[in-house]
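Just so we're aligned, residue 1003 is where the sequence shown starts under our numbering, counting upward by one. Glycine included, every Cβ here is placed at the ideal spot set by N, Cα and C.
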Amino acid sequence: MSSSRNREACVTAGTGPDASGRAAPRTLAEELRTRPDEALAALLRARPDLLSPVPGDLTQLATRAGTRASVVRAVERLDRFALQTAEALAVAPDPCPYETLSALMTGDAPAADEGADAARGAAGEGGAAAPGDAAGPGDAAPATNRDAAADRDAAAAALRDRVAAELPRAVATLRAQALVWGGDDRLRLVRTARELLAPSPTSPSPTGLGPTVHEATAGMSPGRLQELLAAAGLPATHDPVTAVAALTELFDDRDRMAALLAGAPDGAAAVLARLTWGPPYGEVSVASPTPAVAWLLDRGLLLPSGPRNVVLPREVALHLRRGRAHRAPEPVAPPLASAAQHDPQAVDKAAAGQAFTALATVEELLGEWESAGPPVLRAGGLSVRDLKRTAVALDVSEPVAAFWIELAYAAGLLASDGETDERYAPTPAYDDWLRLPAQERWAALATAWLAATRTSGLIGGRDSKGRTLSALGADLDRSPAPEVRRRVLELLAALPPGAAPDPDALLTRLRWERPAHRGPLGAAGAAGPAGAGARGAGAAGSAGARGAGGVGAAGTAPQGASGTWASGVTGAVGTGAGGLTTASATTATTRDDLRSRLARWTLSEAEMLGVTGRAALSAHGRALLGPAAEAAQATGTAQAPPATTETLTTAPPATTPAEAAALAAEAARLLAPLLPEPLDHVLLQADLTAVAPGPLERPLADALGILAEIESKGGATVYRFTPASVRRALDAGRAADDLHTFLAAHSRTPVPQPLTYLIDDVARKHGHLRIGAASAYLRCDDETLLAEILADRRSAGLRLRRLAPTVLAAQAPPDALLEGLRAMGYAPAAESAEGDVLVTRAEAQRTPPRTPPAPVPDGPPVPDATLLGAAVRAIRAGDLAATAPHKPPAATAGSGTTEATTGAPLPRTTSADTLATVQAAALTGSAVWIGYVNADGAASQRVIAPVRVEGGYVTAYDHTADEIRTYPLHRITGVAELADDVG
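Have a look at this one:
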């Protein structure tokens, strides 16, 4: 029943034979021609790089789909099981029947008789080990523990059923993305993908399989091949080809292989067990091997790959694995478990509190920088010293300060001023942002964060040249960041409201959806001698295996293979039977790749920004995702979406600015009731402090920021009045009466007498001394006060002298004199040349208008439905022009050739024949095939239906462009009638 059900799913997905009886396609282009428009649109949506530019026809589309860069990009976006299926196809025969692929993915069923199991176990196959077993090769279940063995066999059978059930979905995914083509009996992996995924000495396969017997014996002498046949008990052949075929047939026969391995000497099983799951290469002294290794070499179970290297042939490894290409297939997505469950309302309130704190932090940051912004480094970015100073001012750690700085920059609120002495300062957009309601200000920050490619988590690290990455500097853009952020939030949205995820489970799910690639994929095709590092800036240099059945970190090539045999076998990690020491196949490195680190940063940044609360997604955070959140909630958390071609090949459409604004408005609407209303009052206390029990209205907050110092922040802000702060308010142009009136109007408690005395005392002294520019002078109507200043030893540095009873001259500039007297406890005021008091207040710096930094896209954008429809029509029309049967051109009509042709070069006819043919077509309303050269000299072929011919131009309906166009007759190289009219 299971087999028939899988068969039906396979046929439904398009992997079955052509029901119309048409001949099987011979190329990818021919198969693309059989696909409906919806399938072509799905292909272009899943691989948008194929649209840059729009292909002229389906042949160009197929060619572009097979280029290395496009294939690497498509393979990198496969989920783990689809990738494992592609890897299995890469080691399968080409073409590969569906049954063969299924056998590679599910493996053989457990043998019925114990003798076969025992033989396989002796060969190091692992007895009745099933896919996904934690035990390594050779760990057969003890005979006395039959219950455990039965449970293991049941689990293995269940896994095989899951693999068989999900395999049609994986094949459909590969087919829909044009990585696989052909009928159910002739599945073909595109050549470039096979080159990327197939094993080679310099680029190991993630399956851990080595070369085939045919590949490994290339160049072997005919005499040596006959010796292998004789040792294996096979009859001699007449040529090397049949000898290799006889060995391959032996290794593919399970029963004969079991009988052969049953006679293996001690130690042979352990040697094979070390190489079964890869890496398949090892070093050995071929001249003096151990008896076990010699026995294997004599029968071709190990084949030499160099003077000191051997390799396990692919057919032998598959027998030892019971036909499995992968040790641990992963057919379904890991479930996303929740670590804690909270009340959704409590989550929303906690997130709203974080959102309010985020707004206050950004305002404080830009308030600090608007009067004295930090300088820009010569190489760009913020210095470490300024980052530390900002972190201290914000009372946060340096990484957190870097996040807020980068967020303000991404939102367009912060930029460099572009002056000669370049500094960072708020932009004019900051003033507009301040005038928005709090919920809209938060929505602007959250939207900018969600789309930004700049990654603050990289700050403090090193780039590829060893240079430190600085805040606001270059090289912080990571194209996958927006996609990872959105996907993490979608997975959070899939959990029940108020559920906080297990971070490790979430990372495991993300790694299944987008595995971290190594080898040629991770290095964009540049495989190194020891394997390439992980893709991205994450786990550089790691060449560990992917999954449980990958290639070991050591030994990706014959000269750096998994182990070494010398005088037996010696190597790098463990010692086995017969002196065997090899580096066994390892699991994937635990070091996080770039996407995993982006996911971890997303969780912490979302919490700081208020998108999540108590690690659970908030309602306003869910609104930022729009329909994607609803789809994720409907999908659930147990497994991946249903296996349909549409869900697996349709990428989410790009969000337009209007759609993003609508989502932000909805998120702001949900957040608004949760934010506290701004207050218009404070509580004055007798200890010269004022308590703001909540956020203050902006004019009140600005005035208090000048009149008092902020002592503590949190749910309530505490301001402290000091002589310096009161003097600052007086310097800003406020009189004592203004301050008394202001405090009385905005205090819910009576103004304390100590505060009244403080203001009056500072005001009485303020401006009593006047400072002007002479170089500088000091005047006062109180001669006694001037005498006191002259007698004070602290004024010696100012070098004062008396010019008149009420005037002192100084050799210090006015600003230094002003600061010096304030340091001595006086309250001087600066005056202008006319004798008026100068009002001094901090000048708010603003940059010229700046645009926010543009995100660095991760490849071409996903096309919308309109563009997809137009592109499919253009490709179809171009393909029609390229493949439509047509009659021979009129110039060669007399040659006797009357058969219709397809795909011929551009037609060549005389001007008179061209004019006559298009005029006749215009009269009959028929379509013709023309060659056309545009103004740039580019030649193309088109199918047109002429409507009018006059004045040296032909006006026609262009089937290729699907529109009415006018063509100059002198640019038409030739014309030919179509064999079958195109309507």
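So is Thr1904 buried or exposed if we call it buried at 16+ other beta carbons inside 10 Å? Start at 1 with the first residue of the sequence shown, and residue 1904 comes out as number 902. With a pLDDT of 44 at Thr1904, under the threshold of 50, the modelled position of that residue is not reliable, and the figure given next carries that caveat. Exposed.
Tell me where the beta strand (DSSP E) around Trp1931 begins and ends. Counting from 1 along the sequence shown, the entry for residue 1931 is found at position 929. From DSSP, the beta strand (DSSP E) with Trp1931 extends over Val1930 to Val1935.
At a cut of 8 Å, does the region 1349–1362 reach the region 1618–1627 through at least three beta carbon pairs? yes
Can you tell which of Ala1271, Thr1359, Ala1978 and Arg1188 has the C-alpha that lies nearest to the C-alpha of Thr1029? Residue numbering aside, residue 1029 sits at position 27 when the sequence shown is read from its first letter. With distances taken between Cα atoms, Thr1029 lies closest to Arg1188.
Contact set for Gly1933: own chain, Cβ-Cβ below 6 Å, skip 5 residues either direction: Walking along the sequence shown from the start, residue 1933 turns up at place 931. These residues qualify, in order along the chain: Leu1908, Pro1909, Gln1943, Thr1975 and Gly1976.
Which same chain residues, not among the five before or five after Leu1925, have their C-beta less than 6 Å away from its C-beta? Counting from 1 along the sequence shown, the entry for residue 1925 is found at position 923. Nothing meets the Cβ criterion.
Glu1965 to Arg1878, Cα distance in whole Å? Within the sequence shown, numbered from 1, the residue matching residue 1965 stands at position 963. Within the sequence shown, numbered from 1, the residue matching residue 1878 stands at position 876. Spanning the two alpha carbons is a distance of roughly 14 Å.
So, under 8 Å CB-CB, Ala1978 and Trp1931 are touching, yes? Tell me the CB distance rounded to an integer number of Å. Position 976 of the sequence shown, counted from the first residue, corresponds to residue 1978. Position 929 of the sequence shown, counted from the first residue, corresponds to residue 1931. About 5 Å; that satisfies the 8 Å criterion.
Residues in its own chain within less than 7 Å of Arg1796 by CB, not counting five upstream and five downstream? Walking along the sequence shown from the start, residue 1796 turns up at place 794. These residues qualify, in order along the chain: Met1826.
If distances are taken between C-alpha atoms only, which option among Ser1481, Ala1152 and Pro1038 comes closest to Pro1859? For this step, residue 1859 is matched to residue 857 along the sequence shown. Among Ser1481, Ala1152 and Pro1038, the Cα nearest to that of Pro1859 is on Ser1481.
In chain order, each alpha helix (DSSP H) run of at least 4 residues that lies wholly inside the region 1038–1095: The qualifying runs are 1039–1048, 1060–1067, 1070–1078 and 1082–1093.
Got a sec? Which residues, its chain only, sit under 6 Å from Gly1576 by beta carbon, not counting five neighbours each side? On the sequence shown, position 574 is the one that residue 1576 refers to. Because Gly1576 sits at a pLDDT of 39, beneath the cut-off of 50, its placement in the model cannot be relied upon, and the following sentence gives the value as read from the coordinates. So no residue of the chain qualifies.
Less than 7 Å between the beta carbons of Ala1319 and Ala1502, yes or no? Stepping through the sequence shown from its first residue, residue 1319 is reached at position 317. Stepping through the sequence shown from its first residue, residue 1502 is reached at position 500. Contact flag unset, no.
Of the choices Leu1497, Glu1032 and Ala1342, whose alpha-carbon is the least far from that of Gln1062? Position 60 of the sequence shown, counted from the start, is the residue given in the question as residue 1062. When only C-alpha atoms are compared, the closest one is Glu1032.
Thr1975 lies in the beta strand (DSSP E); which residues open and close that run? Taking the first residue of the sequence shown as 1, we reach residue 1975 at position 973. Run containing Thr1975: Ile1974 to Glu1979, per the beta strand (DSSP E) assignment.
Arg1464, buried or exposed, once every other Cβ within 10 Å from all chains shown has been counted against 16: The count along the sequence shown starts at 1 and reaches residue 1464 at position 462. Exposed, because fewer than 16 other Cβ atoms sit within 10 Å of the Cβ of Arg1464.
Do Val1215 and Pro1315 have their C-beta atoms closer together than 7 Å? Within the sequence shown, numbered from 1, the residue matching residue 1215 stands at position 213. Within the sequence shown, numbered from 1, the residue matching residue 1315 stands at position 313. Yes; because the gap between Cβ atoms is below 7 Å, this pair is in contact.
Cβ separation of Pro1948 and Ala1958, assumed to be a contact under 8 Å, to the nearest whole Å: Translated into positions along the sequence shown, residue 1948 becomes position 946. Translated into positions along the sequence shown, residue 1958 becomes position 956. With a Cβ gap of about 4 Å, Pro1948 and Ala1958 count as contacting.
By how many angstroms is the C-alpha of Leu1800 removed from the C-alpha of Glu1699? Taking the sequence shown and counting its residues from 1, the one referred to as residue 1699 is at position 697. Taking the sequence shown and counting its residues from 1, the one referred to as residue 1800 is at position 798. Each residue's Cα considered, the two are about 43 Å apart.
Quick one, are the C-beta atoms of Leu1810 and Leu1780 less than 7 Å apart? In the sequence shown, residue 1810 corresponds to position 808, counting from 1. In the sequence shown, residue 1780 corresponds to position 778, counting from 1. Contact: yes.
Output the distance between the C-alpha atoms of Ala1496 and Pro1865, rounded to the nearest integer angstrom. Sequence index remark: in the sequence shown, residue 1496 carries index 494 (1-based). Sequence index remark: in the sequence shown, residue 1865 carries index 863 (1-based). Each residue's alpha carbon lies about 26 Å from the other.
So what does DSSP say about Asp1479, is it helix, strand or coil? As a first step, residue 1479 must be located in the sequence shown, where it is residue number 477. Strand.
Rounded to whole angstroms, what's the CA-CA distance from Tyr1759 to Thr1743? Just pull it up for me. Within the sequence shown, the letter at position 757 stands for residue 1759. Within the sequence shown, the letter at position 741 stands for residue 1743. Taking the straight line joining both Cα atoms gives about 14 Å.
Can you grab the Cα-Cα spacing for the pair Gln1847 / Trp1371, in whole Å? One-based indexing of the sequence shown puts residue 1847 at position 845. One-based indexing of the sequence shown puts residue 1371 at position 369. Near 8 Å, if we compare the C-alpha coordinates of Trp1371 and Gln1847.
Given a cut-off of 7 Å on the beta-carbon distance, is the pair Leu1627 and Ala1507 in contact? For the purposes of this step, residue 1627 is taken as the residue at position 625 of the sequence shown. For the purposes of this step, residue 1507 is taken as the residue at position 505 of the sequence shown. Cβ distance not < 7 Å, so Leu1627 and Ala1507 don't count as in contact.
Which first and last residues belong to the alpha helix (DSSP H) in which Val1394 is found? On the sequence shown, position 392 is the one that residue 1394 refers to. It spans Val1386 to Leu1396 - the alpha helix (DSSP H) in which Val1394 sits, taken as one unbroken run.
Within 10 angstroms of the Cβ of Gln1441, are there 16 or more other Cβ atoms? Answer buried if so, exposed if not. Here residue 1441 corresponds to residue number 439 of the sequence shown, with the count starting at 1. Flag for Gln1441 reads buried.
For Leu1971, does the three-state DSSP call read helix, strand or coil? Numbered from 1 along the sequence shown, position 969 holds the residue referred to as residue 1971. If DSSP states are grouped into helix, strand and coil, Leu1971 belongs with the helices.
Whole runs of the beta strand (DSSP E) within the region 1656–1700, excluding any shorter than 3 residues: 1685–1687 and 1691–1694
Do Gly1500 and Val1349 have their CB atoms nearer than 7 Å? For the purposes of this step, residue 1500 is taken as residue 498 along the sequence shown, with counting starting at 1. For the purposes of this step, residue 1349 is taken as residue 347 along the sequence shown, with counting starting at 1. Yes. Within cutoff.
Under a Cβ-count criterion, where at least 16 other Cβ atoms within 10 Å of its own Cβ denotes burial, should His1972 be classed as buried or exposed? Here residue 1972 corresponds to residue number 970 of the sequence shown, with the count starting at 1. With fewer than 16 other Cβ atoms within 10 Å, it is exposed.
Taking all protein chains shown into account, do 16 or more other C-beta atoms lie within 10 angstroms of the C-beta of Gln1347, making it buried, or fewer, making it exposed? Here residue 1347 corresponds to residue number 345 of the sequence shown, with the count starting at 1. Looking at its Cβ environment, which holds fewer than 16 other Cβ atoms inside 10 Å, Gln1347 is exposed.
Look at Pro1988 and Thr1455 and say whether their C-beta atoms are less than 7 Å apart. This structure cannot settle anything about residue 1988, because the visible part of the chain is limited to 1003 through 1985.
Please report whether the beta-carbon of Val1378 lies at a distance below 7 Å from any beta-carbon of chain D. The displayed structure is made up of one protein chain only, and chain D is not part of it.
Could you give the DSSP three-state label for Trp1828: helix, strand or coil? Stepping through the sequence shown from its first residue, residue 1828 is reached at position 826. Sequence check: residue 1828 is Tyr here, not Trp. Here Tyr1828 sits in coil by DSSP.
Proximity winner among Leu1416, Val1364, Gly1383 and Tyr1426, relative to Val1398 (alpha-carbon distances): Along the sequence shown, one-based indexing puts residue 1398 at 396. Of the candidates Leu1416, Val1364, Gly1383 and Tyr1426, the one whose C-alpha sits nearest the C-alpha of Val1398 is Val1364.
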